[in-house]
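Step one of this worksheet: look at the structure below.
Chains as they are written, first to last, in our numbering: chain H, 1 to 310; chain V, 1 to 390.
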């Protein structure tokens, strides 16, 4: 259903921009698009805590800002903790009558490094404490801001500046960390994956996350032409291919129950996705087959979970 | 005069935090700070205090929660010690750079290695330059009093800085002392609710924590430096107002029997009280010795220190921390303060009482004796770790 809606429904989104144009993101940056859509979904009654990273750097060169909503950057690894502080301050100040009572969404935002690596402890703490906030991981699969170094979210086989494809090693040798599963293991009310190539699906998930009381985690695959060595004009296509090949399935985990947002009876060959990206250039056909095998296995496992509803 | 009661210093500190109507408390347990958060959690659990209280998963997050809460306009508090402070250190610089008022009590404890839970000042010296206003207190009453002083001072719209109260771990934190508690009505008058100049709120969106290119970074740091330097008059004003309310007046540098003294002991923190006993003994023997106690560590009170010490022949400076490979941090500050003076006392530096080793009145007398002999023999800038084997 989501696919059909996407044909025309983007026009139903608000024309208001809360993440203003003129920021310094690279051409074809799908992360900037994701953030723009998230901001549209949440509207003006939001406070954003942003980790150090691409989105922080492109949007806040003092004395300029791209933010038309309250926005706060503190450090790299502590965004979930900063958001915890914002959320609890709002709660107590409203309770004590020092600010008017109204719904204000607390949003924490970080990249894959700020989430799956250095920020994992603070995130786990905030999820466990049950703060009423949304955490969004915009995953571009490496430390792009510092120059394409590998993270635990970099996919198997990808060449980065610290997992280079060499004569004896073929790029990243570890499998991508499953962050949504880690978030779901905290028994929080809502976990979802999204991709800006499916804008309506993304917006709906973020809105749902905002409505749910308690912690919500949304993991957004964000194509990075600079780091993925792909053409800027292919970012939307690559996002779609990531979903269509089963590399990045779109799903929700609501109170522990898995639900696939789009199901494909037959996945596209993973080669179509991989061959458009320079970071996988060194992979042989047999290596790609190996990757495809594991992707399919994991996709089947996910489908099983969705079927059982657990 | 308020009620006089006996209380453990950590409990009194927590009671002060309650009386200060703190909105958000976030902390992580570490000895010897734990009694403060334990008591605060009891107060919240019993409904005696209306605050959001979080035991977070690390000190780094504890201070990060405070930063988020302070930016949203809440009065916030945390406390820590030693390794916990070291883990927080990244965020201490950010809190002051963002000009966010909050209070942290440090139950000072030594930094590892070797691991030790006992008192010295090596923890706070590791963040000496973090840009917070920093007090060192001598006894429990000063801890209690400075909770109110610190919030009022830090939240002043001409100051807007976070404040640290350093109290010696165990030596102060775990002892029972007499306290004169202040009535709530007086405190509410002295410390009204926090009114931030800017806060994170959708009604007036602001961007906080933007990054700076080299073309603007130095200007922001200069503004921060000017803010902390020019906080000195505000500090004096706040102490004056507090003194008028309670009868307890505080000063950046306290002096004891210094007027005609040739030799001055210089201390910071709880050992000042012990040193004053030593001074009394030496005075009884007819020796010309006095005591200078530094209460305000940042911004450093250069003028007050000079006024208190310039007339002496020699200073015996006691440090409870080592700047390994240099000397004690207090001594190096004092030497820098006096360098520009043509007539200045010799400065003899002892590192003493690290990792909670007792420093008794007789130890202070021995240090004065040693320093006087060394200086007499021409060693005008001596430095040693006092009373160690080997």
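A virtual CB, placed ideally from N, CA and C, is assigned to each residue, including glycine.
Just so we're clear, the structure is a prediction, and the values are computed from it rather than from any experiment.
Check whether the Cβ of residue i lies closer than 9 Å to any Cβ atom in chain V.
i              : result
residue 163(H) : no
residue 45(H)  : yes
residue 68(H)  : yes
residue 182(H) : no
residue 61(H)  : yes
residue 207(H) : no
residue 90(H)  : yes
residue 95(H)  : yes
residue 78(H)  : yes
residue 175(H) : no
residue 1(H)   : Confidence in residue 1(H) is poor, its pLDDT being 46 and thus under 50, which makes the residue's placement unreliable; the coordinate value appears in the next sentence. Not an interface residue.
residue 264(H) : no
residue 74(H)  : yes
residue 128(H) : yes
For residue i, would you say it is in contact with chain H, using Cβ-to-Cβ distances shorter than 9 Å as the test?
i              : result
residue 427(V) : Nothing can be reported for residue 427(V): it is not among the residues displayed for chain V, which extend from 1 to 390.
residue 258(V) : no
residue 223(V) : no
residue 124(V) : no
residue 327(V) : no
residue 104(V) : no
residue 41(V)  : no
residue 209(V) : yes
residue 30(V)  : no
residue 160(V) : no
residue 90(V)  : yes
residue 193(V) : yes
residue 57(V)  : yes
residue 267(V) : no
residue 94(V)  : yes
Give me the residue from the options with the minimum Cα distance to residue i.
i              : options                           : result
residue 317(V) : 290(V), 11(V), 325(V) and 49(V)   : 290(V)
residue 264(H) : 253(H), 17(H), 224(H) and 242(H)  : 242(H)
residue 208(V) : 108(V), 135(V) and 99(V)          : 99(V)
residue 149(V) : 292(V), 165(V), 43(V) and 185(V)  : 165(V)
residue 337(V) : 8(V), 301(V) and 363(V)           : 301(V)
residue 141(H) : 153(H), 147(H) and 133(H)         : 153(H)
residue 369(V) : 67(V), 309(V), 288(V) and 344(V)  : 288(V)
residue 70(V)  : 42(V), 84(V), 52(V) and 101(V)    : 101(V)
residue 126(H) : 73(H), 143(H) and 106(H)          : 106(H)
residue 178(V) : 139(V), 367(V) and 82(V)          : 139(V)
residue 58(H)  : 147(H), 38(H), 288(H) and 32(H)   : 32(H)
residue 307(V) : 281(V), 255(V), 277(V) and 279(V) : 255(V)
Can you give me the C-alpha to C-alpha distance between residue i and residue j, rounded to a whole angstrom?
i              : j              : result
residue 196(V) : residue 251(V) : 27 Å
residue 16(V)  : residue 145(V) : 8 Å
residue 60(H)  : residue 69(H)  : 13 Å
residue 270(V) : residue 167(V) : 7 Å
residue 376(V) : residue 312(V) : 14 Å
residue 58(V)  : residue 27(V)  : 8 Å
residue 16(H)  : residue 225(H) : 26 Å
residue 27(H)  : residue 188(H) : 36 Å
residue 95(V)  : residue 186(V) : 29 Å
residue 157(V) : residue 180(V) : 29 Å
residue 72(H)  : residue 283(V) : 58 Å
residue 305(H) : residue 132(V) : 52 Å
residue 240(V) : residue 355(V) : 35 Å
residue 361(V) : residue 175(V) : 19 Å
residue 18(H)  : residue 227(H) : 26 Å
Taking 9 Å as the CB-CB limit, is residue i close to chain B?
i              : result
residue 152(H) : Absent from the structure is chain B; the protein chains it does hold are H and V.
- [ ] Within the region 173–224 of chain H, note down every full alpha helix (DSSP H) run reaching 4 residues or more, in order along the chain.
- [x] Taken in chain order, the complete alpha helix (DSSP H) segments of 4 or more residues contained in the region 173–224 of chain H are 179–184 and 199–211.
* Unbroken stretches of the alpha helix (DSSP H), 4 residues or longer, contained in the region 249–280 of chain H -> 270–274
May I ask you to verify whether the region 143–159 of chain V touches the region 232–247 of chain V, counting CB pairs closer than 8 Å and requiring at least 3?
yes
- State whether the region 117–128 of chain H contacts the region 69–85 of chain H, with contact taken as three or more CB pairs (one from each stretch) at a distance under 8 Å. yes
### Query
Using 8 Å as the threshold, is the region 186–205 of chain H in touch with the region 244–261 of chain H, meaning 3 or more CB pairs across them?
yes
*Stretch pair the region 110–130 of chain V + the region 194–213 of chain V: three plus CB contacts closer than 8 Å*: no
Give a yes or no on contact between the region 216–224 of chain H and the region 172–192 of chain H, applying the rule of three or more CB pairs nearer than 8 Å. yes
Margin query: Ignoring anything shorter than 4 residues, give me the alpha helix (DSSP H) runs that lie fully in the region 34–60 of chain H, in order along the chain.
Written below: 54–59
So within the region 76–100 of chain V, which uninterrupted alpha helix (DSSP H) runs reach at least 4 residues, ignoring any that extend past its ends? Entirely contained in the region 76–100 of chain V, the alpha helix (DSSP H) runs reaching 4 residues are, in chain order, 82–97.
- Indicate whether the contact test is met: 3 or more Cβ pairs, each with one atom in the region 128–138 of chain H and one in the region 79–98 of chain V, closer than 8 Å. no
*With contact counted as at least three CB pairs below 8 Å, one residue from each stretch, are the region 214–221 of chain V and the region 264–282 of chain V in contact?*
no
Which parts of the region 248–280 of chain V are runs of the beta strand (DSSP E), unbroken and 3 residues or longer, counting only runs that do not cross its ends?
253–256 and 263–268
Write down every uninterrupted run of the alpha helix (DSSP H) in the region 64–104 of chain H whose length is 4 residues or greater and which is fully enclosed by it, in chain order.
79–95
(Q) Assess contact between the region 347–360 of chain V and the region 325–334 of chain V, defined as three or more Cβ pairs (one per stretch) separated by less than 8 Å. Is contact present? (A) With the cut-off at 8 Å, the region 347–360 of chain V and the region 325–334 of chain V touch.
Which complete beta strand (DSSP E) runs does the region 160–217 of chain V hold, if anything under 3 residues is left out? 163–168 and 176–181
Do the region 103–111 of chain V and the region 121–128 of chain V touch if we need at least three Cβ pairs shorter than 8 Å?
The region 103–111 of chain V, when compared against the region 121–128 of chain V, does touch it at the 8 Å Cβ threshold.
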